[in-house]
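The number in this note's numbering is simply the position in the sequence shown, starting from 1, with 7 added. Just so you know, even glycine gets a beta-carbon here, dropped at the ideal spot from N, CA and C. Being a predicted model, the structure only gives us computed values, none of them experimental. Input: a single structure, listed below in structure tokens.
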Amino acid sequence: MAATEVHALLRRAFAMRAAFYARMFEVLRAELGRERAMTLMKEATRQMGEKAGAGLAGHGPADLAGLSRDFLGGIIEGETLFSPELRRCDEAELTIHFHRCPLKEAWQAEGCGDADLKDLCEIAGAIDQGMFTAAGFTFAGETWQPGREGCCTLRVLPGKD
């Protein structure tokens with residue numbers, strides 16, 4: 008399969024995931040209110056991240072260089088889909104800024120306004136909280152905010168021994 012085909016398939020998969028997040032959020036918000044919908048969706052997404060974090064646990068609690076290498080190296084089509092910028096990687100902190108996000112781009116293509124986009128990014132970003140915490144690190148990332156360039160910024164700190 009050619010790289011362009013893989014890229015197109017990945018984009019479609021991310022668009023489906025984005026649509027699921029958006030529709031589920033709409034339904035839960037209508038039934039339970041925004042705060043409860045956010046809480047439930049973030050918890051489910053965080054739990055998904057915990058499963059992914061098991062593969063990175065060998066680096067916890069303090070091998071940030073190894074974590075960076077394996078995390079960034081494990082993102083299929085990462086340069087194209089996410090355009091990650093490694094801003095810092097030392098013994099105290101790993102910081103990665105994503106200039107793109109296929110989920111955010113799919114929501115924008117659907118016409119999501121900034122308020123919903125911010126909420127959906129926060130929901131989807133809970134996967135990182137689950138992943139890096141389960142791997143033994145402390146996660147202090149930030150999801151996209153209106154007016155900010157790109158998408159989320161991952162900040163990972165050493166965990167507790």
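- Residue environment for residue 97: exposed (fewer than 16 other C-beta atoms within 10 angstroms of its C-beta).
- Under DSSP, residue 36 forms no beta bridge with any residue.
- Distance from residue 143 to residue 54 at the Cβ level is roughly 17 Å; contact not present, criterion being Cβ atoms closer than 8 Å.
- Residue ranges of uninterrupted alpha helix (DSSP H) with 4 or more members, entirely inside the segment 114–160 and ordered along the chain, are 121–141.
- Look at residue 100 here: in three-state DSSP terms it is coil, with no helix or strand label.
- Contact check for residue 151 against residue 125 passes: the beta carbons are separated by less than 8 Å.
- Per the coordinates, the alpha-carbon of residue 135 lies some 25 Å from the alpha-carbon of residue 118.
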